[in-house]
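The sequence shown maps to residues -23 to -1, 1 to 1011 in mature numbering (1 follows the signal peptide of the UniProt record, and there is no 0). Since the structure comes first, as structure tokens, the remarks are kept for the end.
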Amino acid sequence: MAAMRLLFNFLIVPFFLSTFVYAYSSNDVKHWCSQTPNPQPCEYFLTNNPNHQTKPINQKTDFLKISLQLAQERALIGHANTLSLGTKCRNQLERVAWNDCVDLYQQTIQKLNKTLDPNTKCSQVDAQTWLSTALTNLETCKAGFYELGVQDYVLPLMSNNVTKLLSNTLALNNNGESHQQPSYKDGFPTWVKPGDRKLLQASSPASQANVVVAKDGSGKYTTVMAAINAAPKSNSGRYVIYVKGGIYNEQVEIKANNIMLVGDGIGKTIITGSQSVGGGTTTFRSATVAVTGDGFIGQGMTFRNTAGAGNHQAVVLRSGSDLSVFYQCSFEGYQDTLYVYSDRQFYKQCDIYGTVDFIFGNAAVVFQNCNLYARNPPNKINTITAQGRTDPNQNTGISIHNCVVTAASDLKAVQSSVKTYLGRPWQQYSRTVFMKSSLDSLIDPAGWLEWNGNFALTTLYYGEYMNTGLGSSTANRVKWGGYHVITNAAEASKFSVANFIAGNSWLPSTRVPFTAEMGLLFSNFLIVLFFLSTFAYGYSSNDVKHWCSQTPNPQPCEYFLSNNPNHFHKPIKHKGDFLKLLLQLAQERALIGHANTLSLHSKCHNQLERVAWNDCVKLYQLTIHKLNKILDPNTKCSKVDAQTWLSTALTNLETCKAGFYELGVQDSLLPLMSHNNLTKLLSNLLALNNKGESHQEPSYKDGFPTWVKQGDKKLLQASSPASQANVVVAKDGSGKYTTVMAAINAAPNYNSGRYVIYVKAGIYNEQVEIEANNIMLIGDGIGKTIITGSQSVGGGSTTFNSSTVGIMGEGCIAQGITFRNTAGAANQQAVALRSGSDLSVFYRCSFEGYQDTLLTLSDRQFYRECDIYGTVDFIFGNAIVVFQNCNIFVRKYPETTNTITAQGRIDAKQNTGFSFVNCVVTVAPDLKAVQSSMKAYLGRPWQKYSRTVFMKSYFDSLIVPAGWLEWNGDFALSTLYYGEYMNTGPGSSTTNRVKWGGYHVITNAAEASNFTVSNFIAGNSWLPSTGVPFTAGL
């Protein structure tokens, strides 16, 4: 597969795992979609959902969020589809344009993720900016094929309505306001760091550089790109690169945030290149310097492209850096010199040279006190600007304020034979304003030029305000509907630094001087990836073979890392670098797998296939979420965290596959979903991340890990935790809600504190899904507060989706609740509770079912003083779980064989398994009378590396002497790990136990301690915060 690209933290689907679990009523969908500019794709995607649960759309904000999530989903599918088209490129030109599109889809997904991420806390203006950028990215993708004359073959295969969905979100998010008041402290927004604020005030900012680049070897690096590559990828502080005087002939791409390039001044420090459309590249990729990392500052630099006027588009600098600043820089080119691509930008005291459309793009950008030099063009026509706004709701445009527009030295001698215009409309809603600027005599009296006939003349916005100079008269300007001679100061103020790019809220931090107002009243905006660059590189075949040979599955590792069309090569020096690479590769393959799975919906032949397919969509999302958590530097995950979440990711994919087999529909759709080697890549990661250690010592403060909140620590210590509930559920109507699911739906989706739901005594017949974090369910006690359901595999559900209660949100606590499934023994698998909740706790709860009662699906879990009832494999899954002081009741089964556990570890490096400590295994009342005719086993190996240990527990006489049961012949008998340590009771004798290679009678306390709360689930580091009592050791 060509074009490995990293899909970053941003790529994260984690922000809307639950939304598309629901369908929406057709009336709601029609009502809300009718308010968008593109109702047809809106209605189609929201109504074509196979799920039978419906959820109302109550408010415009709900609909906006749904629309954003829909756009994100379609963008992910579009990205995966684009990646898959790499092999269809027939020539180098198609590959060049295709390669741009892969990048641009990634950037679109990043912007949508930033908008959706609750941690970003983006304002309405931020959202409008980033949505504008997302739409610009897709238009740029398309443009590349047209520029190179290869639009007929690959491009038509890429369309998937994302542009229309983005246009809908722009319209919904826009409420006619462009600005909002920022929050200040000491004259600066509260998020501005003092160090960044002072940097450009320094008389010599170069003296504060982190690294120095010097052509003569007197610095740490001799090329700018080498210094960029060495910069931290996820830098929150300013990273300063001083580039000494010299000519640096190289193509530079800056993807890290908060980079500052400082040179020795215009004409002294020069970065130059010669890429162009005439030379076989796209406009987008022709840039000598390209910046996409946010918060970039450039000072005292010359950026140059020497391709020449005859080579058509040849970009000097392309900036898609949000909140970027260029101060005392020069941009020297001909056609398409400066590509102000997207987001918010500011240029101060800069020189820009060019011929045709030499300031162009779709950013929200202000030029202040700049010199714009028109050069001598081959065709005798110059156009200074070509603004690219494609949607009326994009908050983009070009504002030129207090600037000088004049002729370059090569034009002066022939100025009378050349016509120079202020701009022309590249796109339908092109927007450009010149204010208080000096327009020299080179400007044609008409001022502005058509692009093509009447195109955009009534929809554009071109304005002039209080300009001076021989070319400033508006008497003979164009008479287009969209052209404005601005006479109203209030209208002009919309395009000031303060308003157009919300400069007052972020420019002070750069210390670049700027004029906020033009002497006008104004209101202000509020302004508020990680590793975009990794797969911009290829990797040498020797490095790839060396590192991949150390994994259990070298073939897919080598294939995906070697099949990269890019010609930049980057070494893989350390195991840590290789691990990160493979994580990013797995993330990309998971995204592709998710998109492929979504696309297969129409191929489902029947309801059973749709049920299994629906599980897979969700499980892919959960997998992506786990990989994102590992990759996100803000998570600061330990090796044990990473091993846990990788184990979960692998378990999710196996669970997806299992659903098709359970329902007997594995032959048609499942082969099309083949997990594209993702399972092998995850297995590689588990092996690389594992260094023989399962545990690590947590960091403590006052006996608790530093991340534990005091309120959470005390909650379960309270004599009546229900009294601290946020909401109450009561069947009799005495609470705020009458169903548990209604209370769950009302809980905050991204809650960092504990959210307590008290469920009063009663029988609640409903299916409950908990996806929010930090939920606590408190009942009135076992047998009093009962949540019950009856879904089952026999009834047409998958095991995964049969659960009466399913929990995927992290940090869930349940106390005093009975979870029940009444489908009965004859209906096969029927789950009472499914938990994939990391660091979850169940205290004094009961789980009542028959086959597959308790699905401990994944992650770290703890059960204390609980009762578990069942028949076959009634405690199963692939979590890292400890049961302490629990009662395990074996029920009567139509067959004559019961098995308590079926642990599902599928990879030897997964840190998963079951540990039972101080538990009681006995018969349920319905089994006592016929106990002699039944055989009960401690467990059987569901998967190859099944791992289960019973320690210091009491086994009643129902346990047969062999203790454990085969799954299928010799399967897993030498690779499993089953252990018993110091158990008691009539069924505890190990004398006649199985003689399998993987069975262990543990006699060593040190070995047994590996499975204690302290070690197996690192309980000392998180259980104290719950207040649930536990025994750390043996």
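Note that the Cβ used here is the ideal one computed from N, Cα and C, for glycine as well. Since the model is a prediction, treat every value here as computed from it, not as a measurement.
Residue i bridges to which residues according to DSSP?
{"i": "residue 237", "result": "217, 274"}
{"i": "residue 860", "result": "840, 893"}
{"i": "residue 810", "result": "782, 831"}
{"i": "residue 912", "result": "874"}
{"i": "residue 922", "result": "Answer is none; residue 922 lacks a bridge partner."}
{"i": "residue 854", "result": "833, 880"}
{"i": "residue 400", "result": "362, 425"}
{"i": "residue 378", "result": "345, 412"}
{"i": "residue 594", "result": "Per DSSP, none; premise fails for residue 594."}
Would residue i pass as a contact of residue j if the rule is Cβ separation under 9 Å?
{"i": "residue 252", "j": "residue 191", "result": "no"}
{"i": "residue 875", "j": "residue 927", "result": "no"}
{"i": "residue 782", "j": "residue 796", "result": "yes"}
{"i": "residue 395", "j": "residue 439", "result": "no"}
{"i": "residue 637", "j": "residue 649", "result": "no"}
{"i": "residue 595", "j": "residue 623", "result": "no"}
{"i": "residue 733", "j": "residue 704", "result": "yes"}
{"i": "residue 231", "j": "residue 267", "result": "yes"}
{"i": "residue 793", "j": "residue 759", "result": "yes"}
{"i": "residue 221", "j": "residue 200", "result": "no"}
{"i": "residue 971", "j": "residue 778", "result": "no"}
{"i": "residue 889", "j": "residue 628", "result": "yes"}
{"i": "residue 775", "j": "residue 635", "result": "yes"}
{"i": "residue 851", "j": "residue 827", "result": "yes"}
{"i": "residue 931", "j": "residue 956", "result": "no"}
List the endpoints of the continuous alpha helix (DSSP H) containing residue i.
{"i": "residue 21", "result": "16 to 24"}
{"i": "residue 51", "result": "37 to 61"}
{"i": "residue 82", "result": "69 to 93"}
{"i": "residue 102", "result": "101 to 124"}
{"i": "residue 539", "result": "531 to 539"}
{"i": "residue 637", "result": "616 to 639"}
{"i": "residue 3", "result": "3 to 10"}
{"i": "residue 718", "result": "717 to 723"}
{"i": "residue 555", "result": "552 to 576"}
{"i": "residue 645", "result": "Where residue 645 is concerned, there is no enclosing alpha helix (DSSP H), given that its DSSP letter is neither H nor E."}
{"i": "residue 1018", "result": "As displayed, the chain neither begins before -23 nor continues past 1011, which places residue 1018 out of reach and without an answer."}
Work out the CA separation of residue j and residue i for me, nearest whole Å.
{"i": "residue 391", "j": "residue 421", "result": "14 Å"}
{"i": "residue 189", "j": "residue 305", "result": "20 Å"}
{"i": "residue 401", "j": "residue 333", "result": "10 Å"}
{"i": "residue 657", "j": "residue 528", "result": "10 Å"}
{"i": "residue 427", "j": "residue 435", "result": "11 Å"}
{"i": "residue 914", "j": "residue 933", "result": "11 Å"}
{"i": "residue 530", "j": "residue 922", "result": "17 Å"}
{"i": "residue 868", "j": "residue 909", "result": "13 Å"}
{"i": "residue 226", "j": "residue 258", "result": "18 Å"}
{"i": "residue 381", "j": "residue 138", "result": "42 Å"}
{"i": "residue 269", "j": "residue 233", "result": "8 Å"}
{"i": "residue 415", "j": "residue 520", "result": "57 Å"}
{"i": "residue 445", "j": "residue 343", "result": "19 Å"}
{"i": "residue 554", "j": "residue 55", "result": "29 Å"}
{"i": "residue 886", "j": "residue 946", "result": "24 Å"}
{"i": "residue 95", "j": "residue 235", "result": "22 Å"}
{"i": "residue 277", "j": "residue 238", "result": "8 Å"}
{"i": "residue 877", "j": "residue 843", "result": "15 Å"}
{"i": "residue 641", "j": "residue 586", "result": "9 Å"}
{"i": "residue 300", "j": "residue 13", "result": "29 Å"}
{"i": "residue 617", "j": "residue 583", "result": "41 Å"}
{"i": "residue 920", "j": "residue 84", "result": "40 Å"}
{"i": "residue 823", "j": "residue 771", "result": "23 Å"}
When the cut-off is 9 Å and only beta carbons count, does residue i lie next to chain B?
{"i": "residue 131", "result": "No chain B appears in the structure shown, which is made up of a single protein chain."}
How is the beta strand (DSSP E) around residue i delimited, first residue to last?
{"i": "residue 364", "result": "358 to 364"}
{"i": "residue 190", "result": "188 to 190"}
> Curious, which full-length beta strand (DSSP E) runs of at least 3 residues does the region 277 to 322 contain?
Replying inline: List check, beta strand (DSSP E) in window: 279 to 282, 294 to 296, 301 to 304, 307 to 309, 315 to 317.
>> List, from N- to C-terminal side, the alpha helix (DSSP H) runs of 4 residues or more that fit wholly inside the region 728 to 802.
In response: Inside the region 728 to 802, DSSP marks no whole alpha helix (DSSP H) run of 4 or more residues.
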